[in-house]
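In my numbering, the protein residues as written are 102 to 415. Beneath this line is the structure, given in structure tokens, with notes to follow.
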Amino acid sequence: MDRTEPVDRPIGTTTVAGGRDAEDEVDLIPIRTYWQLARQRFIQHRLAVIALFTLLVLVSIAIVVPTFTGLEYRLTDLTERNAGPTLTAPLGHDELGVNLFVRLAKATQTSLIIGGAAVMIIVGIGTFVGSIAGYAGGWVDNLLMRLVDIVLSLPVLFIILMIVSFFGGGDVRVIIIAIGITGWTLAARLIRAEFLALRGADFVQAAKALGAGHRRIITRHILPSAMAPLVVAAALGVADSVVTEAALSFLGFGISATEASLGTMLNKFSIYFYSAPERILYPSLVLVLIVLSASFLGDGIRDALDPRQRIASK
102 MDRTEPVDRP IGTTTVAGGR DAEDEVDLIP IRTYWQLARQ RFIQHRLAVI ALFTLLVLVS
162 IAIVVPTFTG LEYRLTDLTE RNAGPTLTAP LGHDELGVNL FVRLAKATQT SLIIGGAAVM
222 IIVGIGTFVG SIAGYAGGWV DNLLMRLVDI VLSLPVLFII LMIVSFFGGG DVRVIIIAIG
282 ITGWTLAARL IRAEFLALRG ADFVQAAKAL GAGHRRIITR HILPSAMAPL VVAAALGVAD
342 SVVTEAALSF LGFGISATEA SLGTMLNKFS IYFYSAPERI LYPSLVLVLI VLSASFLGDG
402 IRDALDPRQR IASK
């Protein structure tokens, strides 16, 4: 009979390949935080990464070119009328000798400012209405959702045209407010749906049992867990706001024609549709890039922030 070899390691541990204890192997597994996991999920979303890079490039051009290069987007030089591309004017000049690249950069800046400011109003109103409707439920939910239905039934572009015309066309602040107060319905519905799903969760019931008030439960417990649809609403709000501003300016009810925006450029160069179609192509391409990038970026951030997403360990 073979004699049993004495055990020279603590009872309860096992040896893995290489002679190391299993508990030592467990200690080598890194513990990743929620934000580290979210970053990893976002990086794996290729379209979102490309969209983020595209938006960063557009924002950088929109800030640097009009602000730090010393080039004026309204400066006319008749000696450069309809001139071709140069080092300082890679898109050429228009019929007045205006640098098209600088004007396009300024137009992008204006449209992004309007979109960003309007989406703050959209998310603010949508979050307020959606969170109260989803958390309260009952007749409060029914009343607020009927309000949402009424707003959705209205011709939004026509309402915005009325507001802008009544309070003065060309005022950026009026345009931002008009877009903001008419575009919050999607955000409200998304937030309401998330609150309806979370209000009965265990952590919400635990907070109620500990005596937390309604405002604290909404702002400190449920709302942080509803960030994914909130990001989607913000991304779609930016895209919709930029398109709405472009439509208003194209129709002549938005930004003043003397200022630069994507809509005013489309309006001004529409007469060159056949003779110089590239002048319409430039603002149209930027508009499409902003809309697509905002949408893909919103999808990527939503997937990254959603704790139900799982990544297989490598």
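Quick reminder that beta carbons are idealized off the backbone N, C-alpha and C, glycines included.
One or two residues paired with residue i in a DSSP bridge
i           : result
residue 194 : 200
residue 356 : 271
Sub-7 Å separation of residue i and residue j beta-carbons
i           : j           : result
residue 69  : residue 224 : Lying before the first or after the last residue shown, residue 69 is absent from the chain, which here runs from 102 to 415.
residue 347 : residue 207 : no
residue 184 : residue 200 : no
residue 339 : residue 220 : yes
residue 322 : residue 308 : yes
residue 155 : residue 396 : no
residue 226 : residue 285 : yes
residue 314 : residue 143 : no
residue 398 : residue 152 : yes
residue 230 : residue 279 : no
residue 173 : residue 182 : no
residue 179 : residue 198 : yes
residue 403 : residue 329 : yes
residue 139 : residue 302 : no
residue 252 : residue 203 : no
Backbone secondary structure at residue i - three-state DSSP
i           : result
residue 183 : coil
residue 132 : coil
residue 338 : helix
residue 407 : coil
residue 306 : helix
residue 322 : helix
residue 418 : Look at the range of the chain in this structure, 102 to 415, and you will see that residue 418 is not part of it.
residue 374 : coil
residue 281 : helix
residue 384 : helix
residue 248 : helix
residue 167 : helix
residue 362 : coil
residue 239 : helix
residue 286 : helix
residue 314 : coil
residue 301 : coil
residue 173 : coil
residue 79  : Residue 79 lies beyond the residue range present for the chain, which begins at 102 and ends at 415; the question has no answer from this structure.
residue 256 : coil
residue 189 : coil
residue 294 : helix
residue 113 : Low per-residue confidence applies at residue 113: pLDDT is 48, beneath 50, and the placement is therefore not dependable enough to give any value.
residue 327 : coil
residue 399 : helix
Cβ separation of residue i and residue j, assumed to be a contact under 8 Å, to the nearest whole Å
i           : j           : result
residue 367 : residue 378 : Contact doesn't hold; Cβ gap of about 12 Å is too wide.
residue 349 : residue 364 : 6 Å
residue 343 : residue 392 : 7 Å
residue 337 : residue 287 : 6 Å
residue 276 : residue 215 : 6 Å
residue 159 : residue 209 : 6 Å
residue 442 : residue 300 : Given that the chain is displayed from residue 102 to residue 415, the structure contains no residue 442 and the question cannot be resolved.
residue 222 : residue 264 : Not a contact, Cβ separation roughly 13 Å.
residue 244 : residue 233 : At roughly 10 Å, the Cβ-Cβ gap does not stay under 8 Å, so residue 244 and residue 233 are not in contact.
residue 273 : residue 356 : 7 Å
residue 205 : residue 387 : 7 Å
residue 503 : residue 354 : With the chain running from 102 to 415 in the structure shown, residue 503 is simply not present.
**Asked** What residue ranges within the stretch 205-230 form continuous beta strand (DSSP E) runs of no fewer than 3 residues, ordered along the chain?
**Response** Qualifying beta strand (DSSP E) stretches: none in this window.
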